[in-house]
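Below you'll find the structure, written out as structure tokens, and then a few comments.
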Amino acid sequence: MLTVKTIVETVFAKWCEALKDLVGDNVSMENSTVVNSMPYATMYFQGLPTDSADLEGNEGTVMPTVQIDIYTSGQKALSKGYEIDEKSHAVLIGMGFRRSYGPELIQATDPSIKRITSRYSRIIGYGDTL
């Protein structure tokens, strides 16, 4: 049975594994704009609201939403960012997520840093797997 904890941990673990060759261990689940090493990628869970439930509160389906932020710098930073985004997109699509926003280049406070943001969501029902 999928719980909030197992959904978050499973999605994050599979995403990290897929990006390891491009970002190494420079990943986080925190929504932070403080980045110490590049390239860097974050997966921030924006929530896991109930999509359908009965009157007793038993959830039939939930809809996890994640925001992906990719940070790069240096030569060809934007190209590298889109390369990481492509890999991130592929693994999330493979888990049944659909992109609902992005990829968009967001201006960072430091103009030498490129930040690409995307958001994804999917519906998870009883008996589903990731």
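Heads up: take any position in the sequence shown, counting from 1, add 1173, and you land on our numbering. A virtual CB, placed ideally from N, CA and C, is assigned to each residue, including glycine. Small disclaimer: the values here were computed from a predicted structure and weren't measured.
1. Just to confirm before moving on: does the CB-CB distance between R1288 and Y1244 stay below 9 Å?
2. According to DSSP, is F1218 part of a helix, a strand, or is it coil?
3. Could you give the uninterrupted runs of the alpha helix (DSSP H) lying entirely in the stretch 1240-1283, keeping only those of 4 residues or more?
4. Once the 5 residues before and after I1297 are set aside, which same chain residues still bring their CB inside 7 Å of it?
5. Considering only residues of the same chain and omitting the five flanking positions on each side of G1247, which have a CB-CB separation below 6 Å?
6. In the DSSP assignment, the beta strand (DSSP E) including V1235 goes from what residue to what residue?
7. How close, in whole Å, do the beta carbons of P1212 and K1253 come, if the pair is a contact with beta carbons under 8 Å?
8. Using DSSP's beta-bridge definition, name the partner residues of S1294.
9. I need the boundaries of the beta strand (DSSP E) containing D1224, first residue and last residue.
10. Where does V1200 sit, in a helix, a strand or coil, going by DSSP?
11. Between P1222 and S1273, what straight-line distance do the alpha-carbon atoms span, to the nearest angstrom?
So, from the listed chains and residues:
1. yes
2. strand
3. 1250-1267
4. L1175, I1180, T1234, V1235, P1237
5. For G1247, where only same-chain residues beyond five positions count, there are no Cβ hits under 6 Å.
6. 1232-1235
7. Indeed they touch by this definition, with Cβ atoms about 6 Å apart.
8. T1238, R1271
9. 1223-1226
10. strand
11. Distance between the alpha carbons of P1222 and S1273: 16 Å.
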